[in-house]
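J.: Under UniProt numbering, the sequence shown is numbered contiguously, ending at residue 334.
We treat Cβ as the ideally placed atom computed from N, Cα and C, and that holds for glycine.
These numbers come from a predicted model, not from an experiment.
Below you will find the structure I want to go over with you.
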Amino acid sequence: MILKIRQFLVEIIGALLLGLGVVWLTMGSDSSLFSGWSIKWSPLWLDVKTFFLSIWLEAIPFVLLGVFFSAFIQTFVTEEQVRRWTPKHPLVALPFAGLLGFLFPVCECAIIPVVRRLIQKGMPLSVGIVFLLAGPIVNPVVLSSTYVAFARQPEMALYRGVAGFVVALIVGMLVFLFVKKNPIRLGMESQISHEADHVKATSGKLSSTFAHAVDEFFDMGKYLLFGAFISALLQVYISRDTLMDIGQTPLTSHFVMMGMAYLFSLCSEADAFIAASFSNTFSSSSLLAFLVFGPMLDLKTTLMLFGTFRFGFVVKLVVAITLLVIGVTMLMPM
């Protein structure tokens, strides 16, 4: 009963915040809310709105793709099928998961609900984490865009694919060796029960798929919305020149480029063009760190991860990804 009341309050608050966000986005630079009361927004806040909209509009099509694919898995794929398709031995299963991106070319916005559903269906956690990290990098769309963006350094696409695959594989092995308890966030059991009720309540698989997709979209969308807003704030109020001044050594340049990848929260299909614009400022290895770290971990996906996994697991995952991206990209022969 208490859980239902809390979920109801969260939904009400989320709806109010969403409504306020819509009102804010539709306002101009000098808007009147009521008679005799107007709000004049500063230029910086208008920039925040612009960045927020760009992030949101860039990410939302891929989120929709992800939630519909996730709903399809929930409706049409059984737990037994997931267990049967996944290789049993980890030395085969983990590389297999790292190469799934070639079959399912989705970006980091879309892949989180998909992986969450596969884990709930019986995919081993370590395999799901490898797919989660490698999928947004090791796919033909992302590698092709990287090749085009770095026309003068076409090998960057190969380095990106290899580095992303290696980091994801090592993280998956660490999860396999050291994570023994299920890290799925508390409350997921009630969600799974709610989804099972949907199957019983709906007349066919198609209507059930749409019902799941709507639930998944609102569950993931609130984290994407908040993450996009925070990212827009940071992009406006933190100067790029300041970041460039900090990144004067190989190590700090890696931290700066990874920090920008985290804050900018770009889609992996488009981030290579942003990285290429820094070619004359930062080293090739730090640009590679930008290209590998961003699809694995940025501000909006971090919040989506916190909505899926327990806090402690996400923190350990963030630390492992950060250290491995620095180490692997600095060791690449560039």
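Which value, in whole angstroms, describes the spacing of the CA atoms of phenylalanine 210 and phenylalanine 217?
T.: Distance between the alpha carbons of phenylalanine 210 and phenylalanine 217: 10 Å.
J.: Is the beta carbon of alanine 163 closer than 8 Å to that of valine 328?
T.: In contact: valine 328 and alanine 163 (Cβ atoms closer than 8 Å).
J.: Can you tell me whether valine 155 is buried or exposed, with buried defined as 16 or more other CB within 10 angstroms of its CB?
T.: Rather than valine, the amino acid found at residue 155 in this sequence is glutamate. It is exposed - the Cβ of glutamate 155 has fewer than 16 other Cβ atoms within 10 Å.
J.: For residue 363, tell me which candidate among Val236, His89, Thr146 has the shortest Cα-Cα distance.
T.: In the structure displayed, the chain extends from 1 to 334; residue 363 sits before or after that span and is not available.
J.: Please classify residue 340: does DSSP put it in a helix, a strand, or coil?
T.: There is no way to answer for residue 340, as the model of the chain reaches only from 1 to 334.
J.: If you follow the alpha helix (DSSP H) that histidine 254 is in, where does it begin and where does it stop?
T.: Per DSSP, histidine 254 belongs to the alpha helix (DSSP H) from 250 to 264.
J.: Less than 8 Å separating the beta-carbons of alanine 228 and tryptophan 56?
T.: Yes.
J.: Is the number of C-beta pairs between the segment 162 to 180 and the segment 128 to 142 that are closer than 8 Å three or more?
T.: With a cut-off of 8 Å, the segment 128 to 142 and the segment 162 to 180 count as touching, because enough Cβ pairs lie within range.
J.: At the 8 Å Cβ level, is alanine 261 part of the contact set with chain B, yes or no?
T.: You won't find chain B in this structure, because it holds only one protein chain.
J.: Under 7 Å Cβ to Cβ from arginine 83, same chain only, skipping five residues before and after it: list those, please.
T.: So the list reads Gly122, once near-sequence residues are dropped.
J.: Check whether the segment 284 to 298 touches the segment 247 to 260, counting contact only when three or more Cβ pairs, one atom from each stretch, lie closer than 8 Å.
T.: As far as the Cβ criterion goes, the segment 284 to 298 touches the segment 247 to 260, which means the pair count is three or higher.
J.: Report the rounded CA-to-CA distance for asparagine 182 versus valine 115, giving the unit in angstroms.
T.: Asparagine 182 and valine 115: Cα-Cα distance of roughly 14 Å.
J.: Taking the straight line between their C-alpha atoms, what separation do you get for methionine 332 and arginine 185?
T.: Going from the Cα of methionine 332 to the Cα of arginine 185 covers about 36 Å.
J.: Have a look at valine 127 and leucine 44 and give me their C-alpha separation to the nearest angstrom.
T.: When rounded, the distance between both Cα atoms is 43 Å.
J.: Helix, strand or coil for phenylalanine 309? Go by DSSP, reduced to three states.
T.: Here phenylalanine 309 sits in strand by DSSP.
J.: Would you report the Cα separation of phenylalanine 313 and isoleucine 119, rounded to the nearest angstrom?
T.: Rounded to whole angstroms, phenylalanine 313 to isoleucine 119 spans 15 Å at the Cα level.
J.: State yes or no: is the C-beta of serine 268 within less than 8 Å of the C-beta of glycine 294?
T.: Against a cut-off of 8 Å, the Cβ pair of glycine 294 and serine 268 comes out as a contact.
J.: Find out if the Cβ-Cβ distance for the pair alanine 276, phenylalanine 131 is shorter than 8 Å.
T.: Their beta carbons are not under 8 Å apart, which means alanine 276 does not touch phenylalanine 131 by this criterion.
J.: If you draw a straight line from the alpha carbon of leucine 263 to that of isoleucine 274, how long is it in whole angstroms?
T.: Taking the straight line from one Cα to the other gives about 13 Å.
J.: Let me confirm a value: glutamate 108 is counted as buried when at least 16 other C-beta atoms fall within 10 Å, else exposed. Which label applies?
T.: Looking at its Cβ environment, which holds 16 or more other Cβ atoms inside 10 Å, glutamate 108 is buried.
J.: Whole angstroms is fine: what's the gap from valine 315's alpha carbon to leucine 53's?
T.: Approximately 28 Å between the Cα atoms of the pair.
J.: Where valine 236 and threonine 50 are concerned, what is the direct C-alpha to C-alpha distance, given to the nearest angstrom?
T.: Going by the C-alpha atoms only, they are around 10 Å apart.
J.: Assign residue 349 to one of two classes, buried (16 or more other C-beta atoms within 10 Å of its C-beta) or exposed (fewer than that).
T.: Nothing can be reported for residue 349: it is not among the residues displayed for the chain, which extend from 1 to 334.
J.: Can the beta-carbon of glycine 246 be found less than 8 Å from the beta-carbon of leucine 299?
T.: The sequence shown places isoleucine at residue 246, not glycine. No, the pair does not count as a contact, with Cβ atoms beyond the cut-off.
J.: Measure the alpha-carbon distance for alanine 97 versus phenylalanine 68 and round it to whole angstroms.
T.: Roughly 20 Å separates the two Cα atoms.
J.: Would you report the Cα separation of methionine 304 and phenylalanine 311, rounded to the nearest angstrom?
T.: About 11 Å.
J.: Between the alpha carbons of glycine 172 and leucine 291, how many angstroms are there, rounded?
T.: Distance between the alpha carbons of glycine 172 and leucine 291: 19 Å.
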